[in-house]
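One structure is given here, and the rest of the page talks about it.
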């Protein structure tokens, strides 16, 4: 039975005899035979070569990497090596076997000598168990069998699923809190004083929103919008932003504990990646010299500059989106349909968000190629080093791709566009867009909602459908045609391996980045859930629902739609932990800025405690934010309009001559349009709040990190007992041997 187990399959096209490709292929297979590999060839529409490594290789591996504890036991005892390790060693040797022409498997794949290499999905009971109990939609709420995943896919994949499960579990808590805050916003803040004032302001005339066909308008027109804004922008949101900053820290601290618990029984405590790699190099080739570590400041500088150039390009794309929205607003306001004219701003924001999503999809592909190119420039020593470099670069690029537009909307929109009579214009013609009259946070809310919904629905559907359809098409093409039997012709017996090899070949190919992609997707989602959560309290809920599906989706992809991954060893999630910690800090800064700058929280508080009737007239019976709206609007004299602006001729229910002035959102003097004292007062309050919020949140993060130990006591005690019993055993063996 064991003889029929094949470690790896190499697939190649059927080349002509004597052609260059055929000679190269033969040379490579000869090298493998020299190393003692057994090779079996099966011919179909392609050539399939099954390779099986000699037992000697695994014995060497076990001998070189044996536990220091087991040296004293009988060296001839062979424990069976786990399948995952077996596949990993064979993959390493295949990748590092040189032909006489100094070509490795990778080069031969590029020259189309071989088309594919993959380990087989075996018919083991572990696989059947995983297929039934894990890779099924109906198990969406059940625990994942992490140990079994490790036995089949190796430690790295098991850790990914352990992390994803843990993240989803804790997201549930954040989702509930977010939902409560949102619902509280809907019920309580319908009655907020500020939105009441906006709804009653039926004689406050506001300045036109665009240059050509826009009328003066009444503040009370934006009544519903104001209610929506105060549903998001209220005291509850501030607390929720605080909560999410702390949640991010606690999540990471608890994950470190969870990881320690998961890894306890994996015997990876003393595992050293470098040592294992050197051992495999030596098993493969005894004359191998290790590649030295290298670092050149010149190269690092070049790479840093190239990364900065790429970031500049990504920020440029965000600018292009801004310009699109400005021009779109201008065009919508000049259109003939009344609906488009009235909703011009919202329409521009929504189409802008869809465009942003499309740029995200396109730039993801570009970013990957740029990051790979930069990694090749760096010449990292090991695969894991290369993976770390790649991770940091692509995450940086993806971060700017996903967030530059949001950062603009949150912190710059409506703050750099001047004032009536002196607008900032693009190319001297188009006015920069303004926030919606009831505040900028609504724009951010719309943008976040559209991007998160699109990302999670379209991307997930594509992620599942593309492999599924590809798999079906593959299967259709490969079906062998039954030959009609001639009379008296013997039916040839089909090789039992053939069917298994073919069915594995028909699955979608995996590359070294398959797992990486899943991680990247989750980490970007994690940043959406934490960084701008103050503007979109429903983000954790969306992410939670998405992840319940994501876990099973990834499971089904790995078990049923893709070839088997080469298992990799790891004892934690690697550089991703640092990336997540960085996001945690960005989340504190981001949410602090959203509350301080984007939301109206600070101006309202400043008004309440300094300028409101409560403070000036000592009238205690009324709501302290009464009169805030009137206070936050400045006056503009109509005669000061720029010549470019057409002052609207007709006004509903008004006589043209009566209007001498209109109002706009800002704190400016009526005579020379310079900033008022209140403006600077609020500016100072925003800064003070920002500094306070960040320091308090960071302190709480540090306290949480100190309070929750990284490794649970239980795990520490297990290791302690293990060391103790090992030492005791050695001592008794020594005494026994001296007695004898």
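Numbering (UniProt numbering), first residue to last: 1 to 740. Even glycine gets a Cβ: it sits at the ideal position worked out from N, Cα and C. Keep in mind it's a predicted model, so treat the numbers as computed, not measured.
By DSSP's criteria, residue i is part of a beta bridge. Which residues make up the other side?
i, result
"residue 662", "636"
"residue 116", "11"
"residue 48", "11, 42"
"residue 627", "Residue 627 is not bridged to any residue."
"residue 206", "217, 663"
"residue 430", "426"
"residue 418", "423"
"residue 508", "562"
"residue 668", "675"
Between residue i and the rest of its own chain, which residues show a CB-CB distance below 6 Å, the 5 nearest in sequence each way excluded?
i, result
"residue 15", "21, 22"
"residue 388", "575"
"residue 409", "443, 444, 447"
"residue 569", "155"
"residue 311", "400"
"residue 315", "404"
Just mark residue i as buried or exposed, buried being the case when its beta carbon has 16 or more other beta carbons within 10 Å.
i, result
"residue 543", "buried"
"residue 443", "buried"
"residue 745", "The question about residue 745 has no answer, for the chain in this structure spans 1 to 740."
"residue 721", "exposed"
"residue 559", "buried"
"residue 155", "buried"
"residue 496", "exposed"
"residue 567", "buried"
"residue 521", "buried"
"residue 557", "buried"
"residue 587", "buried"
"residue 466", "exposed"
"residue 738", "exposed"
"residue 604", "buried"
"residue 458", "exposed"
"residue 137", "exposed"
"residue 402", "buried"
"residue 489", "With a pLDDT of 49 at residue 489, under the threshold of 50, the modelled position of this residue cannot be trusted, and the question is left open."
"residue 547", "buried"
What residue range is occupied by the uninterrupted alpha helix (DSSP H) comprising residue i?
i, result
"residue 386", "383–411"
"residue 548", "539–556"
"residue 692", "677–707"
"residue 582", "576–593"
"residue 223", "223–232"
"residue 735", "713–739"
"residue 311", "297–333"
"residue 514", "514–531"
"residue 614", "613–616"
"residue 193", "193–200"
"residue 37", "No alpha helix (DSSP H) holds residue 37; DSSP gives it neither H nor E."
"residue 56", "55–64"
"residue 603", "601–606"
My assumption, with CB atoms under 8 Å, is that residue i sits in contact with residue j. Please give the rounded CB distance.
i, j, result
"residue 199", "residue 226", "7 Å"
"residue 394", "residue 422", "At roughly 43 Å, the Cβ-Cβ gap does not stay under 8 Å, so residue 394 and residue 422 are not in contact."
"residue 406", "residue 447", "6 Å"
"residue 36", "residue 62", "About 16 Å; that fails the 8 Å criterion."
"residue 668", "residue 676", "6 Å"
"residue 510", "residue 565", "5 Å"
"residue 65", "residue 504", "In fact, because the Cβ distance is near 29 Å, the residues do not count as touching under 8 Å."
"residue 555", "residue 135", "4 Å"
"residue 553", "residue 460", "7 Å"
"residue 292", "residue 166", "Contact flag wrong, Cβ pair sits at about 39 Å."
"residue 252", "residue 581", "6 Å"
Going along the chain, which residues of its own chain have a beta-carbon closer than 8 Å to the beta-carbon of residue i, five neighbours each way excluded?
i, result
"residue 735", "none"
"residue 249", "584, 700, 701, 704, 705"
"residue 475", "506"
"residue 744", "Summary: the structure shown does not reach residue 744, with the chain confined to residues 1 through 740, and so no result is reported for it."
"residue 76", "With a pLDDT of only 49 at residue 76, under 50, the local geometry of the prediction cannot be trusted, and the value read off the model is given with reservation. Contacts found: none."
"residue 104", "95, 96, 97, 98"
"residue 727", "none"
Which residues in the same chain have their Cβ closer than 7 Å to the Cβ of residue i, if we skip the five residues on either side of it in sequence?
i, result
"residue 413", "433, 435, 440, 443"
"residue 273", "384"
"residue 451", "353, 356, 357"
"residue 725", "none"
"residue 715", "260, 261, 264"
"residue 747", "No information on residue 747 is available, as it lies outside the stretch 1 to 740 that the chain covers here."
"residue 247", "174"
"residue 230", "189, 192, 194, 195"
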